[in-house]
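Peer 1: Mind having a look at this structure? Questions to follow.
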Amino acid sequence: GDLAIEYLAEQIKLSIRHGDIAARYGGDEFVVILKGAKKQVAKSIAERLRISVLSGNQPVKITISIGIAEYPEDSKSSNGIISSADKALYLAKVRGKNQVVLLSN
């Protein structure tokens, strides 16, 4: 539980760029704002994070699903962009988890 969340938070911190913002959104969800990053850059960063979490030396296997949305292409409001990313996250989970999904316009 808590150790997995702490581990994931540390992996996020190691995977994102200087100036990007990461925050726990609730429960086991995090939001990461990759300033100025287009979807393909965001996907590369997310894949690097996913692989680092999966290959980590943890007593229990941890996997992550990641949904990506881009501002303002996918929404022009903060609530809308979170909703768009959540839709992509839902698709990642439905498709089998442990993957990165980009929201398609």
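Letter 9 of the sequence shown, counting from 1, is numbered 19 in my numbering, and no numbers are missing. A virtual CB, placed ideally from N, CA and C, is assigned to each residue, including glycine.
Starting from A33, follow the beta strand (DSSP E) in both directions and report where the run begins and ends.
Peer 2: I31 to G36
Peer 1: Can you tell me whether I78 is buried or exposed? The criterion is at least 16 other CB atoms within 10 Å of its CB, across all chains shown.
Peer 2: buried
Peer 1: So the alpha helix (DSSP H) E20 belongs to, where does it begin and stop?
Peer 2: Annotation: the continuous alpha helix (DSSP H) that includes E20 extends over D12 to S25.
Peer 1: Return the first residue and the last residue of the beta strand (DSSP E) that L112 is part of.
Peer 2: V110 to L112
Peer 1: If contact is defined by three or more beta carbon pairs under 8 Å, each pair taking one atom from either stretch, is the stretch 15–27 in contact with the stretch 38–47?
Peer 2: Contact holds: three or more Cβ-Cβ distances are below 8 Å.
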